[in-house]
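Q: Residue numbers (this note's numbering): 1 to 76.
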Ligand SMILES: [Zn+2]
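#1: Could you please give me the residues that DSSP links to residue 71 through a beta bridge?
#2: Does any heavy atom of ligand 1 sit closer than 8 Å to the C-beta of residue 13?
#3: Measure from the alpha carbon of residue 33 to the alpha carbon of each residue in 46, 73, 61, 47, then state which is nearest.
#4: Please tell me whether residue 38 has its Cβ less than 9 Å away from any Cβ of chain D.
#5: In terms of residue numbering, what span does the beta strand (DSSP E) encompassing residue 43 cover?
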């Protein structure tokens with residue numbers, strides 16, 4: 001997976017409920033779909049923003065509706 005830097009700028013995001021659902025899908029390793037539009041979600045490894053812990057993050061993006069989500073990778 002290519003590494004990308006996560007911009008501090010946020011566009012439209014997901015609700016907390018959707019974010020929790022997406023997190024479950026990503027963690028279970030299943031192909032994930034956008035809860036809003038059903039488009040396949042794309043997850044890329046990103047750099048953790050400064051001060052946000054030492055773990056990596058996933059940048060989850062939907063190319064269908066343009067929503068995106070940054071989520072912390074679980075610590076081993
Ligand atoms: Zn979508």
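Idealized CB from N, CA, C, for every residue including glycine.
All of these numbers come straight from a predicted model, not from anything done at the bench.
A: So, from the listed chains and residues:
#1: Residue 71 pairs with 58.
#2: No, ligand 1 has no heavy atom inside 8 Å of this Cβ.
#3: The option with the nearest alpha carbon to residue 33 is 61.
#4: Within the model displayed, chain D is absent; a lone protein chain is all it includes.
#5: It spans 41–46 - the beta strand (DSSP E) in which residue 43 sits, taken as one unbroken run.
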